[in-house]
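2 protein chains.
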Amino acid sequence: MPSQTGRSSSSRQYPCERCPLRSLPVFREFEKPELAFISKLKKGELAVDKGATVLVEGSHSAHLYTVLSGWAFRYKLLQDGRRQILNYLMPGDLIGLQGSVMGEMQHSVEALSPMLLCVFERDNLLEIYRNHPGLAYDITWIASREERMLDENLLSVGRRSAIERAAYLVAFIASRAKVVGLNGTQSIQIPITQQHIADTLGLSLVHTNKTIRKLMDRQLIVWRDGGCGVVDIEGLKQLAGWEGLAEGRRPLI
Amino acid sequence: MPSQTGRSSSSRQYPCERCPLRSLPVFREFEKPELAFISKLKKGELAVDKGATVLVEGSHSAHLYTVLSGWAFRYKLLQDGRRQILNYLMPGDLIGLQGSVMGEMQHSVEALSPMLLCVFERDNLLEIYRNHPGLAYDITWIASREERMLDENLLSVGRRSAIERAAYLVAFIASRAKVVGLNGTQSIQIPITQQHIADTLGLSLVHTNKTIRKLMDRQLIVWRDGGCGVVDIEGLKQLAGWEGLAEGRRPLI
DNA sequence: CGTATCTTTGATATAAGTCAACAGTGGTGG
DNA sequence: CCACCACTGTTGACTTATATCAAAGATACG
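As you go down the protein sequences, you meet chains S and L in turn. The first sequence: position 120 = 120 (our numbering), numbered continuously. Whatever position you read off the second sequence (first residue = 1), add 1000 for our numbering.
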């Protein structure tokens, strides 16, 4: 399965005030002092290779990250190696909040592509709560958003058929990717293998392959460049019976 | 399936300072001012009938609740009525945080037994963040804990076999119930039907029944008084390959 | 009692898993 | 430059887990 530890810290490049993500319409405006405070907390940037493990279950990481660019996924393993992917991470998402708040990590995170991460010290989290209630509230908001996504994923894995699940998953990822500007060429390209999809949907690799083929036959997706190209996101949503993300603007930390 | 709306507000009975839950060893000590503040926020108590809907998907509830006594569950529905139970709620758990933070509820909550709830105003949430950073942090902690439980549930539904899932579920609920003192008679009694279990595990009712029977044959559980009696929690954990909850003390809001 | 809600069971159907083999791809080292 | 290897995707044959259907017992309840 995975994965070598390929990291390299790079010197700081983007001050938060000129963060390329912050200008996207999905993210709410921050007050000057909030932004300055965040900027002060930022410790640097971390470049991560594709396939590298960012965080590992059982560890007590001293860091908290925000994805600047690239894709990753969160997962848990059963004792015998069966893997369940819990969610995907893309630009603007926080990595490691659970571990920061509660201590030990209970899941692992692996990069799906080369990534650039903003690094924060775990210890500074409390400082946010003391000095910037608005930002503290934002962090709770972010945790609630993750919970909401997990609710949806659990509904899908528990109650949808294989093809509905696959359609939901692609539509879900594509919807999220779109709002953070990951559709440069107009159609979104998700850098995952069919094994990842299988481990997300709770299906076997072979059955996943046959299911994906059906989506391709229906002209909803294509498989190219070692990943999934999204052709008809509305068709996917309809097939899955999924309403889509009901999100307005959100905070970026 | 469900369920009538049976609520009745009762006049206030327990001031937070004499909350019967707070003295349990699972809950961390609160400072006097924290406790006073919480007590001030508490608006009253709400008695809910078994089977009643506490919160409904799509609504904008003005309230946030803490379970004083009784059991409930969170769930989501697909358009055609398929139901997925996401998690269970028992004394000490918060109800409706997601909705309070993000606005609209994206799941429903139904009582499994008669319940008593502490009622808080949604609007006062921000006040907590402004005046009590420690409590604000606790709320994020609680949200992270819920996320963690969902991670485990998703792992289970996605990757465990039917009997492993059932064993995990019972062990999981029983472990949580034990630490909040729900084992008066020593052995824990979970007030659910097999339909609830089916909708939690993502299985059909018939298959769930046959699976539960296997657990009974193995002397791990019994079915009595319209609910599940937990006989051998260690045996269940072993069958599921589950390590158990790794929780220390937690906040009670 | 009579009715509704749960649980149980057997027979059958279907979705998904497993096994096995092969084809395309890209990388690496001789 | 080629041979080899690892990884990914594809397919068909077969097995198994789980779903569906149908009916009958239990059990609680008014």
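Note that CB positions come from ideal geometry on N, CA and C, so glycine has one too.
Quick one, are the C-beta atoms of residue i and residue j less than 8 Å apart?
i, j, result
"L97(S)", "I142(S)", "yes"
"E1057(L)", "L150(S)", "no"
"Q1084(L)", "L155(S)", "yes"
"Y1065(L)", "I1095(L)", "yes"
"G202(S)", "G1158(L)", "yes"
"K50(S)", "F120(S)", "no"
"V1109(L)", "A1072(L)", "yes"
"V48(S)", "M115(S)", "yes"
"R1249(L)", "V1067(L)", "no"
"P91(S)", "L35(S)", "no"
"L1117(L)", "L1046(L)", "yes"
"L112(S)", "I192(S)", "yes"
"R122(S)", "H63(S)", "yes"
Quick one: what's got a C-beta closer than 6 Å to residue i's C-beta in the same chain, skipping five residues either side?
i, result
"I190(S)", "I173, G227, C228"
"Y1129(L)", "A1136"
"T1211(L)", "A1162, I1163, A1166"
"G1235(L)", "L1220"
"N209(S)", "Q194"
"L1239(L)", "A1167"
Apart from the five residues just before and just after residue i, which ones in its own chain have a Cβ nearer than 7 Å to its Cβ?
i, result
"T1005(L)", "For T1005(L), the predicted structure reports a pLDDT of 49, less than 50, and the residue's modelled location is therefore unreliable. A value from the coordinates is still provided. Once the five neighbours on either side are set aside, the close Cβ partners of T1005(L) are A1052, T1053."
"H1107(L)", "E1057, R1074, Y1075, K1076, L1086"
"P2(S)", "Below a pLDDT of 50, predicted positions are generally treated as unreliable, and P2(S), at 39, falls in that range; no measurement from the model is reported."
"N1183(L)", "A1177"
"P33(S)", "none"
Check each candidate in the options and name the one with the smallest Cα separation from residue i.
i, options, result
"Y1075(L)", "T1208(L), R1218(L), D1199(L)", "D1199(L)"
"S69(S)", "Y14(S), N153(S), L41(S)", "Y14(S)"
"A246(S)", "Q238(S), R176(S), T211(S)", "R176(S)"
"G1181(L)", "L1024(L), C1019(L), R1018(L)", "L1024(L)"
"E1031(L)", "P1133(L), L1236(L), D1217(L), R1160(L)", "P1133(L)"
"R1145(L)", "D1093(L), V1206(L), A1111(L)", "D1093(L)"
"E1127(L)", "F1037(L), P1251(L), E1152(L)", "F1037(L)"
"V230(S)", "Q186(S), L239(S), H207(S)", "Q186(S)"
"L1140(L)", "I1188(L), C1016(L), L1252(L), R1018(L)", "What sits at residue 1140(L) in the sequence shown is Thr, not Leu. The option with the nearest alpha carbon to T1140(L) is L1252(L)."
"I1188(L)", "I1233(L), G1044(L), G1099(L)", "I1233(L)"
"R82(S)", "S204(S), G235(S), L239(S)", "S204(S)"
"K1040(L)", "I1197(L), G1103(L), N1131(L)", "N1131(L)"
"H179(S)", "R18(S), C16(S), R28(S)", "The residue asked about is misnamed: residue 179(S) is Val in this sequence, not His. Answer by Cα proximity: R28(S)."
"G1099(L)", "H1060(L), D1225(L), C1019(L)", "H1060(L)"
"G1044(L)", "C1016(L), L1055(L), P1033(L)", "C1016(L)"
"L55(S)", "G103(S), Q79(S), P33(S), L78(S)", "G103(S)"
"D80(S)", "G1184(L), N1183(L), E1152(L), R1160(L)", "R1160(L)"
Under 8 Å Cβ to Cβ from residue i, same chain only, skipping five residues before and after it: list those, please.
i, result
"G244(S)", "A171, S175, K237"
"H207(S)", "A162, A198"
"D225(S)", "Q189"
"D1217(L)", "none"
Does the beta carbon of residue i fall short of 7 Å from some heavy atom of the ligand NAD?
i, result
"Q1186(L)", "Although the ligand NAD was asked about, the structure shown includes no ligands whatsoever."
Ordered list of alpha helix (DSSP H) runs contained in the region 1142 to 1229 of chain L, each at least 4 residues: 1162 to 1179, 1194 to 1201, 1205 to 1217
query: Any chance the region 1212 to 1226 of chain L sits against the region 1161 to 1180 of chain L, with 3 or more Cβ pairs inside 8 Å?
result: yes
query: What are the uninterrupted segments assigned as alpha helix (DSSP H) that are 4 or more residues long and contained completely in the region 1093 to 1130 of chain L, given in chain order?
result: 1097 to 1102
- prompt: Which runs of the alpha helix (DSSP H) spanning at least 4 residues fall entirely within the region 12 to 89 of chain S, listed in chain order?
  reply: 32 to 41
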